[in-house]
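Heads up: the structure comes next, in structure tokens.
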Amino acid sequence: MAKVTISLDSDLAIEVMLLSGTTSPQDAVELIVLDYLAARTRTEARTGNPADQHRLIDRPLRAEEG
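All residue numbers for the sequence shown refer to my numbering, where the first residue is 1 and numbers rise by one.
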């Protein structure tokens, strides 16, 4: 996998390290990004993705039964 070098503000890097519980800024950013991507995947699995907009057409609401 290709590597990318990114510059971050030191305060941001430290906060990310504290949130992830790591001692390396590189590891911290990798964990945060991987968690973000996993959360997005979980959200799409529950709610659908933008290609599913056809499901959201206006439908009349039904009264609750029971």
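Cβ atoms here follow ideal geometry from the backbone N, Cα and C, with glycine treated the same way.
Proximity of threonine 22 and leucine 31 at Cβ, strictly below 8 Å: yes
For valine 4, three-class secondary structure by DSSP: Here valine 4 sits in coil by DSSP.
As assigned by DSSP and simplified to three states, the class of serine 20: helix
Span separating the alpha-carbon of methionine 17 from that of proline 25: So the alpha carbons of these two residues sit roughly 6 Å apart.
Per-residue burial, alanine 39 [other beta carbons within 10 Å of its own, 16 or more giving buried]: exposed
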